[in-house]
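> Below are the structure tokens for one structure; questions will follow.
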Amino acid sequence: MKTLEKFDSLEIEERIIKWWETEKTYDLIKKAEPKAKNKKFFYLDGPPYTTGNVHLGTAWNKILKDMIIKYKRMRGFRVVDTPGYDTHGLPIEVLIEKKLGIKNKKEILDQNGIGIEKFIKECREFSLSQIEPMNEQFKRLGCNFWNWDNPYITLKNTYIQGVWWTIKKAWENGYLYQGFRPMNCCPRCGTALAKHEFEYYDIQDTAIFVKFRSVEDPKTFYVIWTTTPWTLVSNTNIMANPDIEYVKMRVKDETWIMGIASTADLLQNKLGLTLKAEDGFEYGERIPGSKLEGKKYIHPLADEIPYQAELEGEEPKVHSILMSREYVQESGGSGLVHSAPGHGPEDFEVGLANGIPIFSPVEMDGCYNSQAGKIFEGKYVHEVNREIMDMLIEKGTLIHEENIQHEYAHCWRCKTKLVYRATKQWFFKVTALRNEMLKANEEILWIPKRAGFTNFKSWLNSLQDWCISRQRLWGIPLSIWVCDDEDCGDIDVIGSMNELKEKAGECPEDLHIPVIDQVTWKCSKCNKGTMRRVPDLADVWLDSGSVMWASQQFVDGHEHYDTWEPADFILEGKDQIRGWFNSLLSSAMLSSKRKNYNACFMHGWVHSHGMKMSKSIGNAVLPEDLIEGKVEILTEKQKENMRKIATLASISKFDKTKKTDTKKKVRKAAKKKFIKDDKRWSNIKGIETFRFYCVGNVPPGRDFNFDYKEYTDTFKVLNTLWNTYLFAQEKMNLNKFDAKKHKFVYEELSLVDKWILSKTYSLIEELTKLYDVYELPSIPNRLQDYILNDLSRWYITIIRDRVDVNAEDEEKFTTLAVLRHILYKLCLMMAPLNPMISEEIYQKMFKDEMISKSKASIHLEKWPKVVKKYIDESIESQMHEARQIIDEVRSLKSENKIKLRWPTKSLSLLPTEESKELEFIDLIEDMCNVKEVLIVEEKPDKGKIIETELPLYKIYLDIKDSKKLQQERILADLLRTIQFLRKQNKLQTGEEINLKIASKHPFLLGTLKDTKIRIIEKVTANPMEITNLQIEKEDGWIFHDFHVCTNGKCFAMIREKAAKKIFEGIEGKCSYCSKSITQDTVGTIQIKFKRV
RNA sequence: GGGCGGUUAGCUUAGCCUGGUUGAGCGCGGCGCUGAUAACGCCGAGGCCGGGGGAUCGAAGCCCCCACUGCCCA
């Protein structure tokens, strides 16, 4: 058995990880897996994006998953441990665009551009190149023993085929359709976005009131309100609420029709008009909203947009008032809503119901096309607002403009303001499956419960059809081929590579664009046209949604399409409610009408020191910072500054209209201020502390606030654990403990040993339960409580003397056997959480001697079983009681300035009626350092009694002095002094010394002589000499003068500093008897020793 | 505009589901212990449990309203 050293987590981790690789531990684990069908645990990994870096959140996520994998494996399951990587999509396109210096899609597709082929190649190469480094980063986190060599990768053909299968099944089941509808589009990325791909930011915008002239009367106007003047170009209707009251306002010589609730605010507050004044306004006839239906108006820009007239010719309802109870509100605006069905989902819905043609003269790049008229053609919609407002002012129809702050959708990736425009897209009709999905949701075990019963449920309730098409370049091509003959237009959906080969006679090696688009075939329906693939790619969420069957080939090399089994467990962050949790379930329901995961753990975001993590704010923590001990320690002041910056940053980030100069200045100043302060770095290295910390400190579903202080506390837990092993090993070595020879019989154990066994097995029972219901965060908390309170602070303290080398009692081998046993169990319990530390301890302490059970790695071991007979609740509660008494007595002694190491005469306990019989009497005697413990029926009437009480006991401590106790007092202090000196001079435990002690004080000398044997034993002195002569100083010897107070018969030790002052002639005061001490009342023992 | 969290000591938080004298760690002040020792223990100060109302014998907890804060949806 090698000796364990000081706890160096970093060194251990690096060595163990290397060792696992040279020993091929993963192969051994795989070989040992059970084959039985019912022994499979299907964990399904949600794929991280291959952008190269593992952030703290990704690390947290993977560590939580890793724990479950390792636990389930210990429980004897064959765990599916295939990790995945998401390789497609916009983030990678954006990275490559940046790398190639491209600004948008056009530059790729242009004739002189870089070319689609090269672009795709770059994307592929980049994605693939990131996998290996990410694998290594995950392994470094302790997430080893996953199938890192064979992860599922979404760009592989087998995977793409899986996604095609989803599309095909959805088509067969009647859930795939093409639709024309307004979608939020990103003009920069040139694609439509699904609703989980945009983010709302507060922006400054202009809202305007415009009057639309009535057809019936040129002096009558309808007043509308809008925040998007550019959509007026596509206006086809006004919407009114039939239940709201409207009014004809007389304003100067005109009549304005608007919602009655809005009149005062607009006319008085905004326009500054006065009621009934000559130039003011007056209330006229009131009209119920329903009466406005069908009223016609003239489009305010009719002259500029000739196409508007064509629309009206197409459908007479164009430029008339439509009714909507849902989308027109009384408050805000004017009670009349401008409607452009091509640019808003509500407008679209109402327009569709009324047969209004969908007018959307805006291209994907955000610019108007020719239908918008010559003035607007080619102009970018977000830059045209001012121009339109000026035109309206010129026409005299702009009533009022004002600045407002509102939320507006932006692209989640490039933060560009989105444009609502109607486009042709492919949809999955998930709305038709809503009820079934809600039902399936009820059957999923959600951790926390609200993730499913509230969050996911409310998502499902507002579910809209899933737009699966994207107009991008790097992704899985939609496997939809359409006949190009206008009269035919037959649709064929391809579900596999074989099918494609059958239909087209060929299947390319690469299924991505542009290669795939060369695959065409003659339409079999019309026999005229050619089947060509639609140009769109699949939404990346469809990639990950199809993982169940798309990844099967990676999992076990077989296709499982229709025969897939649901995952037993998945775990991701709360953003996946609308992301992966949704796409998974949707894909499964669309293709197979059943759910594909049984349990789902949802975690939150990672914050740092109370703020969102951000590089620019300076509070970002990376996994490598943790490993290298480079986490910056922030003071409260620094945190305060950062909070200021964070607030300012969040305000100014998307607020381009406001001047940010002052904010910038404040930000700079604040930054400077905290950078000035000396940077302090943590000295905690390695990842194991983080593993323990990140799992334990966050309830499920909640955000994880990384806080340096908490992190440090956690280190102490692991350090204590390590010290415990160190202690155990040292004692076993010194005592020549032999695990094969020294065993314990439960029935013969002491109560204390029974107690720690009970505690240990209770913990096993508890952790097993927690793991089985995925209550992961409670696990480190329970372990911490056990390690610190039960094991280190209590059990080890109690048995310390008992297992001493010099202890004669043979029982110590039994105790060591128990200690070893519980530490072994603890090591196993720690293995899923801290795989590297537990491996180290296992290898050094348990492996060699456990021949029958010995395994090459702790990760081949089984999870400990609960042994019921070891769990004894009554012993646990008895110990609890005893511990309270001990704490109480100790504090009683402390209050009376009696040092714990000084023995006291007796302790009497008076039980109250509810007390049970008290066990652990010896323990109490020991821990309180009293000569005897008595259970009494009334308060003792003799001695010097001090008292206190607990709910179950009254406590009487007799502190009456005696010669023997005085001697004990001196001895305790003397021993402590010598031991302290030994340690100071770096003497090893057990190393013998040549000791000479002298005192001229008769009582002290007598004490030394009376206790000589005990001194020799305790400080391992050989030889030892006691004299009453002055001790001479000699080279190579260590000297010390030990002083006590001799007032009365106090004999309390005087501290070195105090003694020094006294010998300088300054009067001191005894800390025990409080009497004054001079040179004459000091008793001295001279000590001199050296190594033998 | 709607929904979901959070608000407990200077800081970080437990307790809430299932009502019955708020519990810890860090920090602070004091004391002590000690061959697990760059460790540990004890004592102390520090809480109108965000505010208001309600049902209850009784609320940090349950119900309603409000405030601040974060997130999600529109």
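2 is the number of the first residue of the first sequence in my numbering; add one for each residue after it.
The C-beta atom is built at its ideal place from N, Cα and C for all residues, glycine as well.
Keep in mind it's a predicted model, so treat the numbers as computed, not measured.
1) Taking just the CA atoms, how far does Leu735 sit from Val806?
2) Report the partner residues of Lys523 according to the DSSP bridge assignment.
3) Alpha carbon to alpha carbon, how far is Tyr308 from Leu293?
4) My parser needs the alpha helix (DSSP H) runs of 4 or more residues fully inside the segment 307 to 335; what are they?
5) If I measure Cβ to Cβ from Gln138 and keep anything under 6 Å in the same chain, skipping five residues before and after, which residues do I get?
6) Helix, strand or coil: which one does DSSP assign to Pro152?
7) The alpha helix (DSSP H) with Ser779 in it runs from where to where?
8) With distance defined between alpha-carbon atoms, name the residue in Thr88, Pro84, Asp111, Lys119 nearest to Leu101.
9) What are the boundary residues of the beta strand (DSSP E) that includes Ile394?
10) Considering just the uninterrupted stretch of the beta strand (DSSP E) at Asp203, what are its terminal residues?
11) Could you check whether Thr51 and Asp87 sit closer than 8 Å to each other, using their CB atoms as the reference points?
12) Measuring alpha carbon to alpha carbon, tell me which residue in Lys997, Pro624, Leu627, Leu142 is nearest Leu975.
13) Is the beta carbon of Met614 sitting closer than 8 Å to the one on Leu57?
14) How long is the line joining the alpha carbons of Asp802 and Leu719, rounded to whole angstroms?
15) Count the C-beta pairs between the segment 826 to 834 and the segment 116 to 135 that are closer than 8 Å, then say yes if the count reaches three, no if not.
16) Note down the Cα distance separating Trp565 from Ile634, rounded to an integer number of angstroms.
17) So within the segment 3 to 80, which uninterrupted alpha helix (DSSP H) runs reach at least 4 residues, ignoring any that extend past its ends?
18) If Asn238 sits next to Ser321, beta carbons under 8 Å apart, how far is it from one beta carbon to the other, in whole angstroms?
19) Counting only the same chain and skipping the five closest in sequence on each side, list residues whose C-beta sits under 8 Å from that of Ile872.
20) On the criterion of 16 or more Cβ atoms from any shown chain inside 10 Å, does Asp82 qualify as buried, or is it exposed?
21) I'd like to know whether the C-beta atoms of Arg473 and Thr192 end up nearer to each other than 8 Å.
22) Check Phe745 in the structure and name its three-state DSSP category.
23) Which of the three DSSP states is assigned to Asn163 in this structure?
24) Please determine if the segment 406 to 414 and the segment 157 to 165 are in contact, where contact requires at least 3 C-beta pairs separated by less than 8 Å.
25) Going by the beta-carbon positions, is the gap between Leu572 and Leu142 smaller than 8 Å?
26) Does DSSP classify Lys737 as helix, strand or coil?
27) Exposed or buried, which one is Glu6 when buried takes at least 16 other CB atoms within 10 Å?
28) Determine the DSSP secondary structure at Lys660, reduced to helix, strand or coil.
29) DSSP state of Gln426, grouped into three classes?
30) What three-state label does DSSP hand Tyr176 in the structure shown?
31) Start and end of the alpha helix (DSSP H) containing Ile121?
32) Using only CA atoms, which one of Asn706, Thr521, His743 lies nearest to His822?
33) Express the C-alpha separation of Phe814 and Asp927 in angstroms, rounding to a whole number.
34) From Ile852 to Lys140, what distance separates their C-alpha atoms?
35) For Ser552, which three-state DSSP category applies?
36) For Phe181, which residues does DSSP report across the bridge?
Let me spell this out:
1) 6 Å
2) Thr531
3) 25 Å
4) 308 to 315
5) Val55
6) coil
7) 779 to 786
8) It is Lys119 whose Cα lies nearest to the Cα of Leu101.
9) Bounds of any beta strand (DSSP E) do not take in Ile394; it lies within the alpha helix (DSSP H) bounded by 386 to 396.
10) 199 to 215
11) yes
12) Lys997
13) Cβ distance < 8 Å, so Met614 and Leu57 count as in contact.
14) C-alpha separation (whole angstroms): 24 Å.
15) no
16) Taking the straight line from one Cα to the other gives about 49 Å.
17) 10 to 23, 26 to 33, 57 to 75
18) 6 Å
19) Ser759, Tyr762, Ser763, Glu766
20) buried
21) Yes, the pair counts as a contact, with Cβ atoms nearer than the cut-off.
22) coil
23) It should be pointed out that residue 163 corresponds to Gly in this sequence rather than to Asn. Gly163 falls in the helix class under three-state DSSP.
24) no
25) no
26) coil
27) exposed
28) Reliability fails at Lys660, whose pLDDT of 38 lies under 50, so the model's placement of it is uncertain and no value is given.
29) strand
30) coil
31) 117 to 141
32) Looking at the Cα atoms, His743 is the closest of the given residues.
33) 20 Å
34) Because Ile852 sits at a pLDDT of 48, beneath the cut-off of 50, its placement in the model cannot be relied upon, and the point is left open.
35) coil
36) Lys425
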